[in-house]
Amino acid sequence: LHRVDRRQRQMCIRDSSRMFATASRDKSVKIWTLVDDAQRPYRLVTTLNASDAVVSVTWASDGALAMGLENGDVWLYTCARDGTWQLHTTLERHHTGPVHRVACRPDGRWMDAYDRVPYQLLSVGDDGCTRLVSWYIDP
6 LHRVDRRQRQ MCIRDSSRMF ATASRDKSVK IWTLVDDAQR PYRLVTTLNA
56 SDAVVSVTWA SDGALAMGLE NGDVWLYTCA RDGTWQLHTT LERHHTGPVH
106 RVACRPDGRW MDAYDRVPYQ LLSVGDDGCT RLVSWYIDP
């Protein structure tokens, strides 16, 4: 981006994609794509709104997006085949303070007893806790 907005808290790039996401104190995550335009090499795809300032953001390997909020919540969004984004999971008050970092485990790195690969999300909060949670997203 050409200039840094003080409200922007974090940016993450999606592996093997031309997309990136920015987390902001204005209670939103913006999803961008790179385009072949020398004047403006990126285009806004969509804005995901949250209930509080977004402190951290990360991509899962299949394109789902996790965000950590200032109030301690963690939200996971998924993208449908038609390109619309839906809030899939909320972990309310997952931490007692801001969620400074979120990270997703890559697919295929861990299997459960039924040979399904769950999502695993690691989060680090202002409360001094590191939490690891697992869940499934049905295709």
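Sequential numbering of the sequence shown, starting at 6, is according to the working numbering.
Just so you know, even glycine gets a beta-carbon here, dropped at the ideal spot from N, CA and C.
Can you tell me whether residue i is helix, strand or coil according to DSSP?
i	result
M16	strand
R106	strand
S22	coil
R99	According to the sequence displayed, residue 99 carries His and not Arg. Correct three-state label for H99: coil.
Below 7 Å CB to CB, which residues in the same chain sit around residue i once its five sequence neighbours on both sides are set aside?
i	result
G102	G77, G130, D131, D132
T51	I36, W90
S33	T52, L53, N54, A55, V59
H99	G77, D78, V79, S128, R136
Y82	L53, A69, L70, W90, Q91, L92, H93
Starting from residue i, trace the beta strand (DSSP E) in both directions and tell me its first and last residue.
i	result
R86	Note, R86: premise wrong, no beta strand (DSSP E); not H, not E.
S139	135-140
Taking C-alpha atoms, which residue in the options lies nearest to residue i?
i	options	result
N54	F25, R136, S29	S29
T38	P46, M24, V62	M24
C109	G68, D87, R86, H93	G68
Any heavy atom of the ligand PLP closer than 7 Å to the CB of residue i?
i	result
V104	Because no ligand of any kind appears in the structure shown, any question about the ligand PLP cannot be addressed here.
Could you name the residues of the same chain whose beta carbon sits closer than 6 Å to that of residue i, not counting the 5 residues immediately before and after it, in chain order?
i	result
I18	F25
L96	V79
Grab me the residues of residue i's own chain with a C-beta within less than 8 Å of its C-beta, minus the 5 sequence neighbours each way, in chain order.
i	result
L74	A55, S56, D57, A58, V59, V60, W80, P103, V104
Only counting runs of 3 or more residues, tell me where the beta strand (DSSP E) segments fall wholly within the stretch 30-83, in order along the chain. 33-39, 47-54, 59-64, 70-74
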